Amino acid sequence: NAGVTQTPKFQVLKTGQSMTLQCAQDMNHNSMYWYRQDPGMGLRLIYYSASEGTTDKGEVPNGYNVSRLNKREFSLRLESAAPSQTSVYFCASTQDSYNQPQHFGDGTRLSIL
Amino acid sequence: DQQVKQNSPSLSVQEGRISILNCDYTNSMFDYFLWYKKYPAEGPTFLISISSIKDKNEDGRFTVFLNKSAKHLSLHIVPSQPGDSAVYFCAAYGGTSYGKLTFGQGTILTVHP
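Residue numbers (my numbering), protein chains in the order written: chain A, 1 to 113; chain B, 114 to 226.
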């Protein structure tokens, strides 16, 4: 009954450090997404992967990279963390990227000092 | 450019009364709309959706109304319960961003016993 699992749940980084946020889903979904949530901004799409082997930029991709490792896993990497990347990061998945509800993990709370 | 807007940051309602959460959108190409509910320290969970070919969809205590001419949708919760206290996000699929969900900023609903 895991659904979408994100690790870690919390992380504190120093400016300039790198980090990879992990996401895995066990629902055999084709499409996966990374969002960030900031106060008063809703959720904004960083990157998404419509299917295994493909990735594409969302609304706010600068400073991030992604890897769709296999059908289950989609990771988000910060190469050189900046204070502006302090946020809550959510991973989501859906069977098909067209008009299907997305299922979300519980988020990673990332603070960059 | 905020294509999906929730203009009320918060809403307070008495238990047993109706809660009405509103959402406006600007992109006439949006064709599928969803409402998500989010508790603190958890990811958003899908609540209810509506296709642009309909003007109403009902699921138990939750009803979503869509007014395409006004580019407006609303979520009605009747009767409201204290457990409904959460942040509610509306979101939309469609337009030029195929497969990408666009979220509103969210509305904090508080239901008082």
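Cβ atoms here follow ideal geometry from the backbone N, Cα and C, with glycine treated the same way.
On a predicted model such as this, the values are computed, not experimentally measured, just so you know.
Contacts between Gln102 of chain A and chain B, judged by CB atoms closer than 9 Å, involve Leu147, Tyr149, Pro157, Phe159, Ala204 and Leu214 in chain order.
In terms of CA proximity to Gly3 of chain A, B:Pro157 leads the group B:Pro157, B:Lys150, B:Ala183 and B:Ser141.
Neighbours of Ser162 of chain B in chain A, taken as residues at a C-beta separation under 7 Å, are given in chain order as Pro101.
Close to Gln218 of chain B, with beta-carbon spacing below 8 Å, are these residues of chain A in chain order: Gly40, Met41 and Gly42.
DSSP places Lys167 of chain B in no beta strand (DSSP E); its state is neither H nor E. Counting C-beta atoms within 10 angstroms of its own C-beta, Gly16 of chain A has fewer than 16 neighbours from the protein chains shown and is therefore classed as exposed. Within the DSSP bridge table, the entry for Ser111 of chain A names A:Val12 as partners. Nearest to Pro61 of chain A by alpha-carbon distance, out of A:Cys23, A:Trp34 and A:Asn70, is A:Trp34. Proximity to Gly40 of chain A across B:Thr220, B:Val126 and B:Trp148 peaks at B:Thr220, based on C-alpha coordinates.
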